[in-house]
Each structure stands twice: as C-alpha cells, then as structure tokens.
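A.B. asks: Position one of the sequence shown corresponds to residue 1 (full-length UniProt numbering), numbered consecutively onward.
Positions of the beta carbon are idealized from the N, C-alpha and C atoms, including for glycine.
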Amino acid sequence: RELDTKRELYLTRMARAREVEDIISQGRKKLQDKLVQYYKFIQENEIKRARATRKAATEERIRKEREEQVGELTEKLNNLKKRNEELRQQYEVYSRYQQYLEEVLQRNDGEEYQGPRDIIQRWNTLQENTKVLQRRKTQLEEELLRNKNALNLKRQKKNNESVELQNQLNELQATYESLQKNIKIKQDELERCINQRSSTSRTVSHVRMACKNLYDRCISWTAPYSGRGKFESREADVLFQLHVIGDCLRDFQDVIEAHQQRQMQLAAIRATKDED
Numbered sequence: 001r002e003l004d005t006k007r008e009l010y011l012t013r014m015a016r017a018r019e020v021e022d023i024i025s026q027g028r029k030k031l032q033d034k035l036v037q038y039y040k041f042i043q044e045n046e047i048k049r050a051r052a053t054r055k056a057a058t059e060e061r062i063r064k065e066r067e068e069q070v071g072e073l074t075e076k077l078n079n080l081k082k083r084n085e086e087l088r089q090q091y092e093v094y095s096r097y098q099q100y101l102e103e104v105l106q107r108n109d110g111e112e113y114q115g116p117r118d119i120i121q122r123w124n125t126l127q128e129n130t131k132v133l134q135r136r137k138t139q140l141e142e143e144l145l146r147n148k149n150a151l152n153l154k155r156q157k158k159n160n161e162s163v164e165l166q167n168q169l170n171e172l173q174a175t176y177e178s179l180q181k182n183i184k185i186k187q188d189e190l191e192r193c194i195n196q197r198s199s200t201s202r203t204v205s206h207v208r209m210a211c212k213n214l215y216d217r218c219i220s221w222t223a224p225y226s227g228r229g230k231f232e233s234r235e236a237d238v239l240f241q242l243h244v245i246g247d248c249l250r251d252f253q254d255v256i257e258a259h260q261q262r263q264m265q266l267a268a269i270r271a272t273k274d275e276d
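Written as structure tokens, this is what we have:
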C-alpha cells in the first residue's frame, strides 16, 4: 500500500513535471517566435536604412554631378562669351582694315591696285623688305661693335706701348742722371786732383781708375744699342776714355729726345682719332 502511494505520488509529480516542461517549452517557443520576429524587424529596418543610405548617396552624387555640370557649362559659357568678345573686337579691327582698303582702292587713280589682295600682297612685300633691312641693320651694328672693340684693343695696345716706352725712358733718364752724378763726382775729383797738382802716381792711378770705371760702365750700357766701345786698341788712353764717356752721354740725351718726340706724335695721333 505504501509502495502504491509512493508510486502515485511519483506519477503525480512526473505529470506535474511534464506539465511544467510543456509550459516552459511553450514559453520558449513563444520567446523564439518573438526573437525571430524581432530579428526580422531588425533586418527589415537595416535593409530600409541601407536603402535610404544608398538613395541619399545616389542623390548626393547626382547633386554633385549636376553641380559640376553646371560649373562646366558656366565656364564654357564664360569662355564662349570671352571668345565672342574677342571675335567681335577682331571683326571691328578687320572691318577698319577693310574700310581702309576700300578707301585706298577708291583713291587709286593710277589703277596700281586692282583689289584688296594686291594691297595685302604689297604690304607683305614691304614687311619682307623691312625684315631684310632689320637684319642688315643688326649685322652693321654687330660689325660696328666689333670695329669699336678692335679700335679699343689697338688704343689699349698703344697705351701699353706708351707706358712701356715711358718706363724705358724713366730707366734711361735715371741711368743718365746716375751717369751725370758719377761724372760730376769724377770731374770734381779730377779737378781737385788737377788743382792740387799732385804728381804722385797714386793720384794719377785714382784718376785713371775712375775714368776706367766710367768707361767700362759706358761700354756695358751702350753695347746692346751701338757698336761704340768694341775697339780695345786705345782703351788705356784717358782722353779716349773721356771721349767715349762724352759720346755715351750724348747718346742717352738723343734717346731721351727721340722718345719725347715719339710721345708727342702718339699723343697727336690719339687726339686726332678721338676727334674722328
């Protein structure tokens, strides 16, 4: 009997458990159905949102394309207006040219021009001649520039030569002055020796040595310029040595005077060229 009671109790509990499971199963099924419906609702909203986004993007793209087209068409219109204005101005210029050509033809008494084409051809010929003359002018200007440069080079060369000659003259002048000083000194020594009337061989030897030194210096200075001093037969003669020294001084004086005359001639030539 107790076992039957337990069995009934167990069966009752199992029946309740099945009922609870059925309730839970039904609730789960309802919940799944709601979840499916909610997921479908979300998908539909996502599809609608994607469609709206694509539509907005398409509309934005179309709007931008239309704005770009409007900008391009506006730019083309402005270019056409500008081109139209340029053509209008060019037409006005050509109209003035045409009017001028017609007036020239009306005043053409000698029938030199039969039509506008003849005038245009004549104008083209004058243009070609002008170009030829312009090229010739350019060539002449270049040739003139080359001649001026050559003249400047020659003047520079002449100036350099003048400077070089002046330097040589200064050197000769310094040498001449040095010789004059030395001769004056030696002459003073010689005069003192003569005034003292010293008959000593030492004084005579000094005089001869002084003359010999001046003679040797004159020979060494004048040897590149003349043949004087090449004969040694009378080298020991004091009077001959003094004669050679005097000739040397005269040679230096002649060189200086000739150079001064040459400088005056060069100055006169340069003045004449500058005036030309």
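Can you give the Cα-Cα distance for R18 and S25, rounded to whole angstroms?
C.D. replies: 10 Å
A.B. asks: Closest to Q173 by C-alpha separation, out of L126, D254, L153, would be which residue?
C.D. replies: D254
A.B. asks: Tell me whether residue 281 is buried or exposed, calling it buried when 16 or more other Cβ atoms sit within 10 Å of its Cβ.
C.D. replies: The displayed coordinates of the chain run from 1 to 276. Any statement about residue 281 would go beyond what the structure contains.
A.B. asks: Taking DSSP as the reference, what is the three-state secondary structure of D216?
C.D. replies: Assigned with DSSP and collapsed to three states, D216 falls in helix.
A.B. asks: Given this structure, state the Cα-to-Cα distance separating R83 from V93, to the nearest angstrom.
C.D. replies: 15 Å
A.B. asks: Alpha carbon to alpha carbon, how far is E142 from N152?
C.D. replies: 15 Å
A.B. asks: Restricting to Cα atoms, I'd like to know which of R192, Q265, L179 is closest to L242.
C.D. replies: L179
A.B. asks: Using only the alpha-carbon positions, how far apart do T138 and Q156 sit?
C.D. replies: Rounded to whole angstroms, T138 to Q156 spans 27 Å at the Cα level.
A.B. asks: Have a look at T5, D4, I245, S162 and flag the residue whose alpha-carbon is nearest the alpha-carbon of I219.
C.D. replies: I245
A.B. asks: What three-state label does DSSP hand R88 in the structure shown?
C.D. replies: helix
A.B. asks: Measure the beta-carbon distance from residue 326 to W221 and round it to whole angstroms, keeping in mind my assumption that it falls under 8 Å.
C.D. replies: Residue 326 is absent from the model: the chain starts at 1 and stops at 276.
A.B. asks: By a C-beta neighbour count over all protein chains shown, 10 Å radius and 16 as the cutoff for buried, is K186 buried or exposed?
C.D. replies: Classification for K186: buried.
A.B. asks: Run the CB neighbour count on Y215, radius 10 Å, all protein chains shown included, and call it buried at 16 or more, exposed below.
C.D. replies: That one is buried.
A.B. asks: Going straight from the alpha carbon of L140 to that of L126, what length do you get?
C.D. replies: 21 Å
A.B. asks: Can you tell me the Cα-Cα spacing of I62 and T74, whole angstroms?
C.D. replies: Each residue's Cα considered, the two are about 18 Å apart.
A.B. asks: What is the rounded straight-line gap between the Cα of Q98 and the Cα of E85?
C.D. replies: The straight-line gap from Cα to Cα measures roughly 19 Å.
A.B. asks: Within this structure, are the beta carbons of R192 and V238 separated by less than 8 Å?
C.D. replies: no
A.B. asks: By alpha-carbon positions, which one of L105, E128, K181, N129 ends up nearest to D118?
C.D. replies: L105
A.B. asks: List the whole-angstrom C-beta distance separating I256 from L169, where the pair is believed to meet the contact cut-off of C-beta under 8 Å.
C.D. replies: 6 Å
A.B. asks: Using a Cβ-Cβ cut-off of 6 Å (strictly less than) and excluding sequence neighbours within five positions of C211, which residues of its own chain qualify?
C.D. replies: V238, Q241
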